[in-house]
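In this note's numbering, the protein residues as written are 32 to 305.
Glycine included, every Cβ here is placed at the ideal spot set by N, Cα and C.
To start, the structure itself, in structure tokens.
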Ligand SMILES: [Zn+2]
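Below, the structure written as structure tokens:
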């Protein structure tokens, strides 16, 4: 499932290729009726002829800025892939949409599970307005994280997954950040003391920076716009390492469910009662 590092890798790869290009045709597959959150005729008609002026990211959302002041927003959800191809490249399995560009290339949206979504909007806040702070934003300080966590009785793992609390973290990087901060995933968010919050704040950023450096994690579906896998899955400390030795202390990594989500942690580095 693409999280912040994967979407950021896609954004960085696509930005130089898409910026300045005009959209000459749009095709959306009929078997993906929920893909487009805008009436489909409007979506297609109003995108054709638009020029892409830049690419942004907010949490796990990719945002294409258009020359008429509007935005094409994409969310890949579970299995979405964005691929930048030439027309004679082989078709993508499960292709759901295709944007033809004026340099002859194609931006293809492929999605096995069909949970991916796209919006055409002039008001970004209608799509991403309720998201929590961006982990790399200056305003996201340890003090801000402490304020957000202090209101929450939920387990810290669930808090980290809540996009309205902090934007961009999913199952991989929430587990990795908690291990890096030596915090048990079931600890109530508001039980963390200021030293723990400071460690977690630093861990969130370092885990994400590292994952962007490795161009994301490819455990199953994620690939970059050229179809290449990321490298970060080889460098994780706990995620999907159940039974393997902790790189820090040697104890066997355990897996539990927290808030219904598989959660990986080291019972020695991350004790429930510190
Ligand atoms: Zn350990």
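Open item on the list: Please classify residue 255 as buried or exposed, where buried requires at least 16 neighbouring CB atoms within 10 angstroms.
Closed with: Looking at its Cβ environment, which holds 16 or more other Cβ atoms inside 10 Å, residue 255 is buried.
Task: Candidates 139, 55, 202, of which the one nearest residue 257 by Cα - done: For the set 139, 55, 202, the Cα lying nearest the Cα of residue 257 is the one of 139.
Open item on the list: Please return the same chain residues whose Cβ sits closer than 6 Å to the Cβ of residue 313, not counting the five positions on each side in sequence.
Closed with: As displayed, the chain neither begins before 32 nor continues past 305, which places residue 313 out of reach and without an answer.
TODO: List the whole-angstrom C-beta distance separating residue 105 from residue 93, where the pair is believed to meet the contact cut-off of C-beta under 8 Å.
DONE: For a cut-off of 8 Å, the C-beta gap from residue 105 to residue 93 is around 5 Å, short enough to register as a contact.
- [ ] Can you check the segment 78-124 for any beta strand (DSSP E) of at least 3 residues that lies completely inside it and give the ranges in chain order?
- [x] For the segment 78-124, whole beta strand (DSSP E) runs of length 3 or above, ordered along the chain, are 83-89, 92-97, 102-106, 111-116.
Task: Length of the line joining the Cα atoms of residue 281 and residue 87 - done: If I take the Cα positions, the gap works out to 40 Å.
Task: Contact shell at 6 Å, judged by CB to any heavy atom of ligand 1, ordered along the chain - done: Having a Cβ closer than 6 Å to some heavy atom of ligand 1 are 277, 279, 280, 282, 297, 299, 300.
- [ ] Less than 8 Å between the CB atoms is what I'm expecting for residue 191 and residue 200, so what's the real figure, rounded?
- [x] Taking a contact as a CB-CB distance under 8 Å, the pair residue 191 and residue 200 counts as one, their CB atoms being some 5 Å apart.
Task: Terminal residues of the beta strand (DSSP E) in which residue 137 lies - done: Run containing residue 137: 137-142, per the beta strand (DSSP E) assignment.
TODO: Give me the Cα-Cα distance between residue 84 and residue 122, rounded to the nearest whole angstrom.
DONE: Taking the straight line joining both Cα atoms gives about 27 Å.
TODO: Return the CA-CA distance between residue 100 and residue 134, expressed in angstroms with no decimal places.
DONE: Near 22 Å, if we compare the C-alpha coordinates of residue 134 and residue 100.
Task: Chain-order list of residues whose beta-carbon lies under 7 Å from that of residue 225 (same chain, five-residue window excluded) - done: Cβ within range, chain order: 177.
Open item on the list: Please tell me whether residue 186 and residue 221 are closer than 7 Å, where the distance is taken between their beta carbons.
Closed with: The answer is no: Cβ separation not under 7 Å.
TODO: Would you kindly check if the distance between the Cβ of residue 284 and the Cβ of residue 267 is under 7 Å?
DONE: No Cβ-Cβ contact shorter than 7 Å links residue 267 with residue 284.
Open item on the list: For residue 188, count the other beta carbons within 10 Å of its own beta carbon; 16 or more makes it buried, fewer makes it exposed. Which is it?
Closed with: Looking at its Cβ environment, which holds 16 or more other Cβ atoms inside 10 Å, residue 188 is buried.
TODO: Please list, in chain order, all residues of the same chain as residue 98 whose beta carbon is under 7 Å from its beta carbon, the five residues on each side excluded.
DONE: The answer, listed in chain order, is 81, 82, 84.
Open item on the list: If I measure Cβ to Cβ from residue 260 and keep anything under 7 Å in the same chain, skipping five residues before and after, which residues do I get?
Closed with: Within the same chain, residue 260 has close Cβ partners 249, 254.
Open item on the list: Suppose you measure from the CA of residue 184 to the CA of residue 58; what does that come to, to the nearest Å?
Closed with: Computed Cα separation, rounded: 45 Å.
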